[in-house]
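Taking UniProt numbering, the leading residue of the sequence shown gets 1, the next gets one more, and so forth.
Below: one structure, written as structure tokens.
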Amino acid sequence: MKYLLLVFAGFLISHQAYSQNLKTKKKTSQFTKEIYQIDKKSKTKNGFYYKISTSTKDTLVVGNYSNDQKTGLWTYNKMNGEKYLEFNYETKTIASFCGDELKSDSTYILHDKKFVLDRVDHPQIYLGFENEPRTYIARNIKLPIEIFKNGISGKSVASFVVDENGKIRDQKIEFSLNKEFDKKILDVISKLTGDWVPATKDGKAFSSKIILTVDVQSMSQSFGKSLMNKEEDLPYLWHTVLTYSSVITTRKTVTRRKVSY
């Protein structure tokens with residue numbers, strides 16, 4: 001009994017000492033707040049991690065870090081706080097999934113140096129809250145001033161690859177609407193540097209391709225039309241709508257931008 005008490009006391013002391021070496025930090029952006037712990041000496045992430053919606057106050061992500069590495073079971077939620085997926089970073093496997101992506105059994109995967117639409121065990125999946133990468137794209141693509149000034153509308157089409165290691169590469173423009181706009185789209189795609197689960201077929205990981213369509217509409221051209229996305233979003237086909245309006249006077253320019261996805 002004394003031995004057990006000594007062990008327990010030692011555990012409490014070491015745990016308290018460990019906790020004293022940690023510092024809680026907060027990082028707030030326009031749409032989310034991150035709360036996490038770092039080691040005071042090494043400045044690496046250690047301990048709990050939360051990501052919270054600044055608008056709804058719902059918890060979007062819950063997990064733990066150890067020496068700057070995600071560890072154990074992480075939970076990623078929907079925007080309303082309901083569970084979206086769980087990923088086990090020890091086994092590198094999806095523990096549970098409540099999203100729509102797995103309803104699709106096909107995606108574009110690399111076969112003999114060519115991407116073909118094929119049936120898979122599961123498509124590529126971004127480890128984040130529901131629609132996080134598409135939400136990030138819609139909120140961060142900036143429209144060039146030329147589009148406002150000239151009332152340009154139309155579609156720009158880009159593509160990128162999620163390789164067999166879950167890394168993004170080969171971002172390119174498939175159809176250009178505006179050269180400056182192309183650069184902004186590719187810049188935003190390059191920043192999707194989070195963790196991906198690669199597409200798998202017959203238990204083997206494959207590189208897969210995602211096609212992104214960005215539909216630019218002026219408010220005058222879309223007046224009276226639905227701004228809702230009428231195209232079905234699939235794991236390999238993403239569609240984002242950007243709408244804008246411009247009022248130009250001799251004194252100043254007023255610009256309003258509305259985003260839907």
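Where is the CB? At the ideal position from N, CA and C, for every residue including glycine.
Check the C-beta distance from residue i over to residue j and give it rounded, since I have them as a contact under 8 angstroms.
| i | j | result |
| --- | --- | --- |
| Pro144 | Phe181 | 5 angstroms |
| Asn77 | Thr59 | 6 angstroms |
| Ser104 | Leu234 | 6 angstroms |
| Ser207 | Val162 | 7 angstroms |
Please report how far the alpha carbon of residue i lies from the alpha carbon of residue j, in whole angstroms.
| i | j | result |
| --- | --- | --- |
| Gln69 | Gly63 | 11 angstroms |
| Val241 | Pro123 | 24 angstroms |
| Ile211 | Tyr236 | 6 angstroms |
| Ser245 | Asn150 | 11 angstroms |
| Lys172 | Leu22 | 42 angstroms |
| Ile141 | Phe160 | 16 angstroms |
| Asn88 | Gly47 | 16 angstroms |
| Asp195 | Ser153 | 33 angstroms |
| Phe42 | Gly72 | The amino acid occupying residue 42 in the given sequence is Ser; Phe does not appear at that position. Rounded to the nearest angstrom, the two C-alpha atoms are 21 angstroms apart. |
| Lys25 | Lys51 | 12 angstroms |
| Asn229 | Val61 | With a pLDDT of 47 at Asn229, under the threshold of 50, the predicted position of this residue should be treated as unreliable, and no value is reported. |
| Lys40 | Gln20 | 9 angstroms |
| Ser53 | Met79 | 8 angstroms |
| Asn178 | Phe129 | 31 angstroms |
| Lys83 | Ala138 | 23 angstroms |
On the CB-based measure, 16 or more other CB atoms within 10 Å of its CB, does residue i come out buried or exposed?
| i | result |
| --- | --- |
| Leu192 | buried |
| Asp202 | exposed |
| Glu132 | buried |
| Leu85 | buried |
| Gln217 | buried |
| Ala95 | exposed |
| Asp170 | exposed |
| residue 262 | Residue 262 lies beyond the range of the chain shown here (1 to 261); nothing can be said about it. |
| Asp100 | exposed |
Can you tell which of the options has the C-alpha that lies nearest to the C-alpha of residue i?
| i | options | result |
| --- | --- | --- |
| Val197 | Ile147, Pro235, Leu127 and Ile168 | Leu127 |
| Trp238 | Ile189, Thr93, Gly166 and Lys33 | Ile189 |
| Tyr136 | Ile109, Ser29 and Ala205 | Ser29 |
| His111 | Ala205, Val214 and Asp187 | Ala205 |
| residue 267 | Arg134, Thr75 and Lys92 | The shown model of the chain, from 1 to 261, leaves out residue 267, and the question about it has no answer. |
| Arg134 | Ile147, Phe148, Ile185 and Glu90 | Ile185 |
Would you please verify whether the beta carbon of residue i is less than 8 angstroms from any beta carbon of chain C?
| i | result |
| --- | --- |
| Leu186 | Checking the listed chains, one finds no chain C in this structure; it contains a single protein chain. |
Does the separation of the CB atoms of residue i and residue j fall below 8 angstroms?
| i | j | result |
| --- | --- | --- |
| Ile38 | Lys45 | yes |
| Thr243 | Met219 | yes |
| Asp118 | Ile109 | yes |
| Lys209 | Phe115 | yes |
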